[in-house]
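Residue numbers (this note's numbering), protein chains in the order written: chain A, 31 to 589; chain B, 31 to 589. Taking it in order: structure first as structure tokens, then the write-up.
Number of protein chains: 2
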Amino acid sequence: MSKKNNQDKLLVFALGGVGEIGKNMYVVQYNDDIVVVDAGLKFPEEDMLGIDIVIPDVGYLVENKDKVRGIIITHGHEDHIGGLSYVLKSLNVPVYATKLTLGLIDVKLKEAGILGDTKRILISADSEIQLGTITASFFKTNHSIPDSVGVCLDTPEGTIVHTGDFKFDHTPVNDQFADLQRIAAIGSKGVLALLSDSTNAERPGYTPSESNVGNELEDIFRKSTQRVVVATFASNVHRIQQVINASIATRRKIAVVGRSMVNVVTIASELGYLNIPEGMIIEPEEVNRMTADRVVILCTGSQGEPMSALTRMARSTHRKVDILPGDTVIIAATPIPGNERYVGRTVDELFRLGAHVIYGPGSVSGVHVSGHGSQEELKLMLNLVKPKYFIPIHGEYRMLRLHAGLGEEVGIAPENIFVLDNGDTVEFQGGQAARGPKVQAGRVLIDGLGVGDVGNIVLRDRKLLSQDGILVVVVTLSKADGTILSGPDIISRGFVYVRESEGLLDEANRIVTSTLTKLMNDKVNEWASLKTNVKDSLGRFLYEQTRRRPMILPIIMEV
Amino acid sequence: MSKKNNQDKLLVFALGGVGEIGKNMYVVQYNDDIVVVDAGLKFPEEDMLGIDIVIPDVGYLVENKDKVRGIIITHGHEDHIGGLSYVLKSLNVPVYATKLTLGLIDVKLKEAGILGDTKRILISADSEIQLGTITASFFKTNHSIPDSVGVCLDTPEGTIVHTGDFKFDHTPVNDQFADLQRIAAIGSKGVLALLSDSTNAERPGYTPSESNVGNELEDIFRKSTQRVVVATFASNVHRIQQVINASIATRRKIAVVGRSMVNVVTIASELGYLNIPEGMIIEPEEVNRMTADRVVILCTGSQGEPMSALTRMARSTHRKVDILPGDTVIIAATPIPGNERYVGRTVDELFRLGAHVIYGPGSVSGVHVSGHGSQEELKLMLNLVKPKYFIPIHGEYRMLRLHAGLGEEVGIAPENIFVLDNGDTVEFQGGQAARGPKVQAGRVLIDGLGVGDVGNIVLRDRKLLSQDGILVVVVTLSKADGTILSGPDIISRGFVYVRESEGLLDEANRIVTSTLTKLMNDKVNEWASLKTNVKDSLGRFLYEQTRRRPMILPIIMEV
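Put into structure tokens, the structure is as follows:
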């Protein structure tokens, strides 16, 4: 450990991922050395109309570009890697990740055209890397994607542990155990602060083992006398392995359907994360030639996504695979909040085709378990690491608070627990922690190629337009004497069905004309007041008639 | 029973409420006598932008106006009464309902200005009413609102039983038991067809009793050393009674907050559905003067509705009531699908204020139970009624199918079970049932004062506008020679933040000008092709630059 002086300071904060689910990004800074953990995206909330994805504002990192030693990625889920290609464009620093994670990152960097320009460094759970004065080491965790790790950052001020996403699975698939011994060893050396996953802090008890799902799948495969279709997250490689295992046990072959499922199966088997016996995989085209009870179809679409394989099959619009009456369809996932209706519709369609559908919460269906630890596992992590300070991360505010409560239960002093918002900092000096000044943090909205060009004004307009549509009022005035040369013309979109509302629009036209004529007579001719008057009188009329408030856009041309 | 001949026919169908949740409306027709059961609304789905509510298309009933003998309402929930005031405007027929239900209906009819014009007939569970050749009688059920009934319709062709919404609660609040004896008696006389509630057909087992909630509430009230806030559905009168009971037991007074909660407490206690001891209710203004552990605040907002009492308290914008650190807030409801995020945000805000919040699914929180029966209760209803034919109602297609499966399990022949879509009919003749011709059915969208004037075209435009906004392109041409006199001007809304995109919009302007100039030179001057060309060239340019597809609205003025 290097020598310390009074100015030395350790700073810990989040740029994303506290008070929200997604766009995870955590920062540990010791003096002039900054280490970033994760660079995720988040899917838009329902009021972010037209937005594709949301990433963290990395203004602080860009300002301190020269200090950033690297970005460590804990695992390959979108909420941890999805912002990376955007961040790297303004911040070209090395990226550290384990094998499968790096494989998934490479796909993204390639798409963004920056694979060649990015320094990517492969780590394993046994690596130790030096990032300026900070030493990073790792520990294996259990999660719904292989190769996930937690991060241990040794700084001259003390050790910071970041769990990544985790659960404790005592009977994991492919014997990929969480490294309890290493976590305990880290704890026994003394940990200054723990940053721990709060995603399931609302759930009492333990999250069941992934291998429970395997047993259930095999049962269903065996009982089904026809084809079995399994939809799950493409990234859930262990789940896919269990579909393979259950297929082997029940002498079925597997057709893989859906672009991201094909991609992951390819990458994961190339990198050795999937054991697929020779001859196990068949082409989707072969499905119809096989005996029904010898076939499994593994596909995307567990969230009812409109363009996904399962949704197309359910609507009988898939080019290669039909659902036949008597087929069993297993949806091995829980709907992400907001997707419930999509999943519901897909299930409805499947029932209409005569399929037997197994769906619903994992506790009912038996074919899904969460990848995040429940309350007892969160306490276990706290007790293994035995930190002096505790910062719950990964979660909405209520989850962070509940996790903080668990911290108190296991004996951490309430004043040593920090529930943060993005940009809130905790400063560590001489073994003591206190809240520091806030740093720049926020959200950047991505819409098409636009990064951050859609802000509150644009969103407010989209919201208005979505509710009651728009009326455009155009009129051409004479430059010479201000008289109306053409119009007013009223064009509406999204307001009323025009053919059935001619009377209303004619009357609206008369109101605009008389408003303008009156203003002309009163010698009012500034455009601003003409426009305001048209807006007001027309808006009032339409509200009286329809109780709607469309956007009104007056346009004055002058000739 | 009147004599039958070969032409006599009994018809059963739904105009709303099968293959969907909400806008319930069921029709039983024997020759020239039509009886309607329920007239509900449904809240808009996420793709129905700007729509307030959805009601059934009653075209069939309006066409057969002279045959409609009346509308029977099973209970006072919006999905059963909310469409009534719209339906009655085109179909002025008598309405039959029990006391509390009629009280809630009256509020709606008054708002719609048709209370005086509507024949409203009070029934009790013991009433028997003659509707042409059809005799209606009733039976008490358990549900999350008092005074709910099932309907028994005796026709010359046989008896049709409609359960309404129901559960079986063996320890109901205020001793309001479901009438097992009467249901059994109806069954023993022989029932032609049962229409039964499928809302919870996905849930195994039994739905817990409402009185479980009462015990839990009393525990929480007793343990809390400060104020307790309880948010629940205003219509859940039994839940409200239990809040009152728990308050009495723990020597707390109750302040009622939120317009609909105040309304329901007033109506329900006037009509005798709530027992509130003298002096129990205090004004919201008094809350701050009372000792904290002597107060309960009963309020609306259990769905996180933006303008509701609880949401305002959570945001510290309520005029009368603040949440103080240490207060206990109980959200005694499960979020309706689509409301999860609103509820989550409210809970977050409450945690930020330092409140202790009890929320989540009833199985975790203990302070909520469903009002609908689970699978075992659905089987019990089937076995009590012992129908020859079975038509599952109230539910998405998958729920109807699962309920049909339960019907098969208890011994109903699969060919005697009809899973319908709205408008599908079942014809009964000589004790035999078969599918009949489809009748007109569908949805009518209400937007402000507009009933049905927003259709697919308007919705599609709103969707487009909400995604990428709109660009209006205006140009004034000379009538004489077709030259550009003014413009092109481009005005955008909801597309990009204009101040930061001047370059893009300038370039867009140049593209429109050059497109128009080229067309002029080529002597193309039909407006249609001018518009199409502007749309295409501008659309292409914007997509290349931004990967967005705003609506483009070209407007040509001529002077």
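Ideal Cβ positions, reconstructed from N, Cα and C, are used throughout, including at glycine.
Looking at the strands, I want to know which residues DSSP matches up with residue i.
i         : result
B:Pro-176 : In DSSP, B:Pro-176 forms no bridge with anything.
B:His-268 : The partner list for B:His-268 (beta bridge, DSSP) is empty, contrary to what the question assumes.
B:Arg-150 : B:Val-125
A:Glu-457 : A:Leu-41, A:Ala-464
A:Gln-160 : A:Thr-165
A:Ala-114 : In the sequence under discussion, the amino acid at residue 114 of chain A is Leu, which differs from the Ala named in the question. A:Leu-114 is not bridged to any residue.
B:Ser-516 : B:Thr-506
A:His-192 : A:Val-181, A:Leu-225
B:Pro-417 : B:Val-221
So with CB distances below 8 Å, who are the chain B contacts of residue i?
i         : result
A:Ser-115 : Under the 8 Å cutoff, chain B gives no residues; its nearest Cβ is about 15 Å from A:Ser-115.
A:Pro-74  : Those do not exist, as A:Pro-74 stays about 11 Å from chain B at its closest Cβ, beyond 8 Å.
Between residue i and residue j, what straight-line distance do the alpha-carbon atoms span, to the nearest angstrom?
i         : j         : result
B:Gln-211 : B:Leu-414 : 9 Å
A:Ile-514 : B:Glu-530 : 34 Å
B:Ala-214 : A:Ala-322 : 45 Å
A:Ile-423 : A:Gln-160 : 24 Å
A:Ile-153 : A:Val-66  : 15 Å
A:Arg-473 : B:Arg-578 : 20 Å
B:Ile-297 : A:Gly-517 : 55 Å
A:Val-292 : A:Asn-305 : 15 Å
B:Asp-184 : A:Glu-50  : 57 Å
A:Asp-227 : A:Phe-571 : 54 Å
A:Ile-582 : B:Ile-278 : 55 Å
B:Asn-555 : A:Asn-266 : 59 Å
B:Val-481 : A:Asn-486 : 32 Å
B:Asp-604 : B:Ser-299 : The shown model of chain B, from 31 to 589, leaves out residue 604 of chain B, and the question about it has no answer.
A:Ile-274 : A:Lys-119 : 39 Å
B:Leu-41  : B:Gly-188 : 11 Å
A:Met-31  : A:Glu-457 : Confidence is the limiting factor: at A:Met-31 the pLDDT is only 43, short of 50, which leaves the residue's position unreliable, though a coordinate-based value still follows. Cα to Cα, A:Met-31 sits roughly 19 Å from A:Glu-457.
B:Thr-543 : B:Pro-580 : 19 Å
A:Pro-74  : A:Leu-534 : 37 Å
A:Ile-366 : B:Pro-365 : 15 Å
A:Thr-280 : A:Ile-144 : 44 Å
Going along chain A, which residues have a C-beta under 7 Å from residue i?
i         : result
B:Gln-459 : The premise fails here: B:Gln-459 is roughly 28 Å from chain A at the closest Cβ pair, so nothing lies under 7 Å.
B:Arg-99  : The premise fails here: B:Arg-99 is roughly 33 Å from chain A at the closest Cβ pair, so nothing lies under 7 Å.
B:Glu-610 : Look at the range of chain B in this structure, 31 to 589, and you will see that residue 610 of chain B is not part of it.
B:Asp-498 : Gly-80
Is the beta carbon of residue j closer than 8 Å to that of residue i?
i         : j         : result
A:Leu-114 : A:Lys-129 : no
B:Leu-568 : B:Ala-538 : yes
A:Arg-233 : A:Ser-346 : no
A:Leu-383 : B:Ile-500 : no
A:Thr-229 : A:Gly-425 : yes
A:Thr-455 : A:Pro-444 : no
A:Leu-71  : A:Ile-83  : yes
B:Asp-136 : B:Ile-103 : no
B:Ile-585 : A:Ile-541 : no
B:Tyr-389 : B:Gly-334 : no
A:Phe-196 : A:Gly-180 : yes
B:Lys-176 : B:Gln-206 : The amino acid occupying residue 176 of chain B in the given sequence is Pro; Lys does not appear at that position. In this structure, B:Gln-206 lies closer than 8 Å to B:Pro-176 by Cβ.
Quick one: list the residues of chain B neighbouring residue i, beta-carbon separation under 9 Å, in chain order.
i         : result
A:Ile-353 : By Cβ distance, chain B contributes nothing, its closest Cβ being about 14 Å from A:Ile-353, past 9 Å.
A:Ile-582 : Residues of chain B passing the Cβ test: none, with the nearest at roughly 11 Å.
Given the structure, does residue i come close to the ligand NAD, in the sense that its CB is under 7 Å from one of the ligand's heavy atoms?
i         : result
A:Ala-344 : The ligand NAD is not part of the structure shown, which contains no ligands of any sort.
Please list the partners that residue i has in chain A, where partner means a Cβ-to-Cβ separation under 9 Å.
i         : result
B:Arg-578 : Gly-80, Asp-477, Gly-478, Leu-479, Gly-480
Quick one: list the residues of chain B neighbouring residue i, beta-carbon separation under 7 Å, in chain order.
i         : result
A:Asp-483 : Val-526, Tyr-527, Glu-530, Ser-531
A:Glu-232 : Gly-390
At a CB-CB cut-off below 8 Å, which residues of chain A make contact with residue i?
i         : result
B:Glu-588 : Ser-516
Do the segment 197-205 of chain A and the segment 160-175 of chain A touch if we need at least three Cβ pairs shorter than 8 Å?
yes
Decide yes or no for the touch test of the segment 376-391 of chain B against the segment 349-366 of chain B: beta carbon pairs closer than 8 Å, at least 3 of them.
yes
Using 8 Å as the threshold, is the segment 281-289 of chain B in touch with the segment 309-317 of chain B, meaning 3 or more CB pairs across them?
yes
May I ask you to list, following chain order, the residues of the segment 364-388 of chain B that have a beta carbon less than 9 Å from some beta carbon of chain D?
Within the model displayed, chain D is absent; protein chains A and B are what it includes.
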